[in-house]
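The structure appears right after this line, and notes come after that.
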Amino acid sequence: MQEKSSNKLLMVLGPTEIEDDVLSLGSLPQQYHRTPDFTAFLSGIFANLQYLFQTQNPVFILSSSGTGAMEFSVTNLLSNGERALYINGGTFGERWGDICRKHGVVTSEIKLSLGKSVECSQIEKALDADKTIKVLFATQNETATGALTDIESVGKVAKKHGVLFVVDAVSSLGVQKMPQDEWGVDVLLTSSQKALALPPGLGFVSFSERAIEKARVAKPKTLYFDVFEYLKDWERNQTPFTPPISLIYQLELRLRKIKETGLENFQNEYLEKTNYLRQGIKSLGLEFAADVFSNCVTGVKAPEGIDALEIVRIMDEHQIAIAPSPGNLKTKLFRVGNFGNINQPDIERFLISLKLTLHELGYKNG
Ligand code: PLP
Numbered sequence: 000m001q002e003k004s005s006n007k008l009l010m011v012l013g014p015t016e017i018e019d020d021v022l023s024l025g026s027l028p029q030q031y032h033r034t035p036d037f038t039a040f041l042s043g044i045f046a047n048l049q050y051l052f053q054t055q056n057p058v059f060i061l062s063s064s065g066t067g068a069m070e071f072s073v074t075n076l077l078s079n080g081e082r083a084l085y086i087n088g089g090t091f092g093e094r095w096g097d098i099c100r101k102h103g104v105v106t107s108e109i110k111l112s113l114g115k116s117v118e119c120s121q122i123e124k125a126l127d128a129d130k131t132i133k134v135l136f137a138t139q140n141e142t143a144t145g146a147l148t149d150i151e152s153v154g155k156v157a158k159k160h161g162v163l164f165v166v167d168a169v170s171s172l173g174v175q176k177m178p179q180d181e182w183g184v185d186v187l188l189t190s191s192q193k194a195l196a197l198p199p200g201l202g203f204v205s206f207s208e209r210a211i212e213k214a215r216v217a218k219p220k221t222l223y224f225d226v227f228e229y230l231k232d233w234e235r236n237q238t239p240f241t242p243p244i245s246l247i248y249q250l251e252l253r254l255r256k257i258k259e260t261g262l263e264n265f266q267n268e269y270l271e272k273t274n275y276l277r278q279g280i281k282s283l284g285l286e287f288a289a290d291v292f293s294n295c296v297t298g299v300k301a302p303e304g305i306d307a308l309e310i311v312r313i314m315d316e317h318q319i320a321i322a323p324s325p326g327n328l329k330t331k332l333f334r335v336g337n338f339g340n341i342n343q344p345d346i347e348r349f350l351i352s353l354k355l356t357l358h359e360l361g362y363k364n365g
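Under numbering that gives the first Met the number 0, the first residue of the sequence shown is numbered 0, with each subsequent residue one higher.
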């Protein structure tokens with residue numbers, strides 16, 4: 000854990016506080032990316048990405064945010080008129096539906112109420128009702144509320160029904176257990192600005208052999224996001240298009256650190272900090288938004304009669320950035336992230352500011 004270079008504490012859901020040694024790599028001189036040296040550098044990154052994803056499948060590097068990696072998955076797997084099922088537990092689950100429909104995919108939705116996690120029986124029912132569904136889209140951590148999906152169990156249902164299983168782990172991969180191969184996930188994706196605690200701008204997506212076979216049939220109608228372009232170049236430890244070199248330097252160090260710490264230790268360190276944060280929030284008498292929580296994203300209900308947006312605004316005056324909730328939840332919930340370089344004193348600073356903020360707004364408990 001390193002000292003902060005700025006006074007404003009980022010406890011949103013990404014971008015995150017970035018360690019200074021990682022940050023400073025962003026100012027190194029650029030280099031040409033097709034040289035043998037850079038190829039060797041990329042080969043270590045690709046190997047460490049497989050470690051992070053816990054997969055033998057290729058993990059592709061995209062110059063995009065998380066939504067780009069979501070769109071990459073849809074456009075490579077599905078053709079116009081094919082059918083897909085998605086789980087909508089909030090903004091990001093809903094995004095699967097939006098992307099699918101843009102690509103002419105016919106969608107079925109399982110809509111969850113606030114903070115709920117999907118039950119396998121709901122998925123069984125939807126897949127039994129429509130045997131033409133080809134792909135199931137899920138979100139490991141619905142960042143809108145912090146609710147966690149049991150990917151291992153859902154993966155078994157997907158396998159039983161023979162559908163491809165795609166998981167958005169943008170706000171969970173790294174901090175949450177998510178072994179792609181063991182849990183039968185065909186496509187797994189994330190991005191740079193959350194658990195990886197890097198600047199935004201990189202997407203990562205891994206395709207199983209089954210997913211690649213399906214893409215052969217779907218024949219992607221895109222060049223920049225064509226999985227076969229990425230596969231061909233991955234095989235020679237390269238990217239098909241010019242990568243953001245500075246981000247690649249930073250990625251290399253971050254992945255190396257995770258590998259050295261060990262994924263399990265890395266996740267446990269996060270869990271410890273998250274538990275500390277949540278105990279503090281609970282001791283103020285506040286309630287959480289989700290039934291089953293993910294690590295690192297905490298959705299908190301604003302107390303009765305207090306506008307969550309006011310809490311976010313006053314916390315900002317205290318030099319702590321937390322996130323409002325999307326859509327019609329914005330006055331009811333606020334969200335706190337402890338991704339990246341957030342340590343115990345930061346959490347204590349957050350808790351003191353939250354207490355002062357709530358008192359300023361007339362809250363009496365805590
Ligand atoms: N999926 C989830 C679960 C997210 O939390 C986010 C962003 O917060 C996204 C997708 C979209 O990612 P991006 O904003 O990087 O496109």
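Don't be surprised by glycine CBs; every beta carbon is placed ideally from N, CA and C.
Beta-bridge pairing of Ile109 - partner residues as DSSP gives them: Residue numbering aside, residue 109 sits at position 110 when the sequence shown is read from its first letter. In the DSSP assignment, Ile109 forms a beta bridge with Ile86.
Contact test: Lys101 Cβ vs the ligand PLP heavy atom, cutoff 8 angstroms: On the sequence shown, position 102 is the one that residue 101 refers to. Incorrect: Lys101 has no Cβ contact closer than 8 angstroms to the ligand PLP.
Range covered by the beta strand (DSSP E) that runs through Arg334: If you number the sequence shown from 1, residue 334 lands on position 335. Start and end: 332-336.
Beta-carbon proximity check, Lys272 vs Phe287, cutoff 9 angstroms: Numbered from its first residue, the sequence shown carries residue 272 at position 273. Numbered from its first residue, the sequence shown carries residue 287 at position 288. Result no, Cβ atoms of Lys272 and Phe287 do not sit closer than 9 angstroms.
Classification of Gly161 by the beta-carbon crowding that lies within 10 angstroms, buried from 16 upward: Stepping through the sequence shown from its first residue, residue 161 is reached at position 162. The residue in question, Gly161, is exposed, as its Cβ has fewer than 16 Cβ neighbours within 10 Å.
Residue burial classification, Cys119 (beta-carbon count within 10 angstroms, cutoff 16): Taking the sequence shown and counting its residues from 1, one reaches residue 119 at position 120. Under this definition Cys119 is an exposed residue.
Buried/exposed call for Ile351, threshold 16 Cβ in 10 Å: For this step, residue 351 is matched to residue 352 along the sequence shown. Flag for Ile351 reads exposed.
Leu254 to Gly304 span [Cα, whole Å]: Here residue 254 refers to the residue found at position 255 of the sequence shown. Here residue 304 refers to the residue found at position 305 of the sequence shown. Approximately 44 angstroms between the Cα atoms of the pair.
C-alpha gap between Ile319 and Glu81, whole angstroms: Working through the sequence shown from its first residue, we reach residue 319 at position 320. Working through the sequence shown from its first residue, we reach residue 81 at position 82. When rounded, the distance between both Cα atoms is 45 angstroms.
Option nearest Ser207 by Cα separation, candidates Val165, Gly361, Pro344: Your numbering for residue 207 matches position 208 in the sequence shown. The candidate whose alpha carbon is nearest that of Ser207 is Val165.
From Gly361, Ile211, Asp180, Gln175, residue whose alpha carbon lies closest to that of Ala194: If you number the sequence shown from 1, residue 194 lands on position 195. Minimum Cα distance to Ala194 is reached at Gln175.
Contact test: Pro239 Cβ vs the ligand PLP heavy atom, cutoff 8 angstroms: Residue mapping note: residue 239 aligns to position 240 of the sequence shown, counting from 1. Relative to the ligand PLP, Pro239 has its C-beta separated by 8 angstroms or more from all heavy atoms.
Ser112 versus Asn79, Glu309, Lys133, Glu141, residue with shortest Cα-Cα distance: Locating residue 112 in the sequence shown gives position 113, where the first residue counts as 1. Nearest of Asn79, Glu309, Lys133, Glu141 to Ser112, Cα basis: Glu141.
Glu93 to Pro302 span [Cα, whole Å]: By 1-based counting over the sequence shown, the position of residue 93 is 94. By 1-based counting over the sequence shown, the position of residue 302 is 303. In a straight line, the C-alpha of Glu93 is about 27 angstroms away from that of Pro302.
Cβ-Cβ separation, Ile150 to Trp182 (assumed contact under 8 angstroms), whole Å: Within the sequence shown, numbered from 1, the residue matching residue 182 stands at position 183. Within the sequence shown, numbered from 1, the residue matching residue 150 stands at position 151. Rounded, the Cβ-Cβ distance is 5 angstroms, consistent with contact.
For Val105 and Tyr275, the rounded distance between their alpha carbons: To locate residue 275, count along the sequence shown from 1; it is residue 276. To locate residue 105, count along the sequence shown from 1; it is residue 106. Computed Cα separation, rounded: 44 angstroms.
Residues bridged to Pro323 (per DSSP): Counting from one through the sequence shown, the residue named residue 323 turns up at place 324. Per DSSP, Phe333.
Those residues which DSSP pairs with Asn342 across a bridge: Locating residue 342 in the sequence shown gives position 343, where the first residue counts as 1. Listed as beta-bridge partners of Asn342 by DSSP are no residues whatsoever.
Residue environment, Asn327, which counts as buried when at least 16 other CB atoms sit within 10 Å: Here the question's residue 327 lines up with position 328 in the sequence shown. That one is exposed.
Proximity below 9 angstroms, CB of Asp167 to CB of Gln53: Looking up residue 167 in the sequence shown gives position 168. Looking up residue 53 in the sequence shown gives position 54. No, they are not a contact pair.
Cutoff 6 angstroms; reference Thr144; Cβ partners in own chain excluding five residues on either side: Along the sequence shown, one-based indexing puts residue 144 at 145. Around Thr144: Gly89, Gly114, Ala288, Ala289, Gly298.
Whole-angstrom distance between Thr34 and Ile321, CA atom to CA atom: For the purposes of this step, residue 321 is taken as the residue at position 322 of the sequence shown. For the purposes of this step, residue 34 is taken as the residue at position 35 of the sequence shown. Answer to the nearest angstrom: the Cα atoms are 42 angstroms apart.
For Thr66, three-class secondary structure by DSSP: Here the question's residue 66 lines up with position 67 in the sequence shown. Thr66 carries a helical assignment under DSSP once its states are collapsed to helix, strand and coil.
Spatially closest choice to Val186 from Gln192, Ala196, Leu172, by CA coordinates: Position 187 of the sequence shown, counting from 1, holds the residue named residue 186. Ranking Gln192, Ala196, Leu172 by CA distance to the CA of Val186 puts Leu172 first.
Expected contact under 8 angstroms - CB spacing of Glu16 and Leu9 to nearest Å: What you label residue 16 is simply residue 17 of the sequence shown in a count that begins at 1. What you label residue 9 is simply residue 10 of the sequence shown in a count that begins at 1. Right, their Cβ atoms sit about 5 angstroms apart.
Runs of alpha helix (DSSP H) lying entirely within the segment 197-250, each at least 4 residues, in chain order: 208-217, 226-233
Inter-residue spacing [alpha-carbon to alpha-carbon] between Pro239 and Tyr229: Taking the first residue of the sequence shown as 1, we reach residue 239 at position 240. Taking the first residue of the sequence shown as 1, we reach residue 229 at position 230. Cα to Cα, Pro239 sits roughly 6 angstroms from Tyr229.
The segment 198-215 contacting the segment 41-57, beta-carbon criterion three pairs below 8 angstroms: yes
Leu222 versus Gly284 - alpha carbon distance: The count along the sequence shown starts at 1 and reaches residue 222 at position 223. The count along the sequence shown starts at 1 and reaches residue 284 at position 285. Distance between the alpha carbons of Leu222 and Gly284 is about 52 angstroms.
Meets three-Cβ-pair contact criterion under 8 angstroms: the segment 245-263 and the segment 212-219: no
Cβ distance (whole Å) where Phe40 is taken to contact Glu251 below 8 angstroms: As a working note, residue 40 is residue 41 in the sequence shown. As a working note, residue 251 is residue 252 in the sequence shown. The pair is a contact, with the Cβ atoms about 6 angstroms apart (cut-off 8 angstroms).
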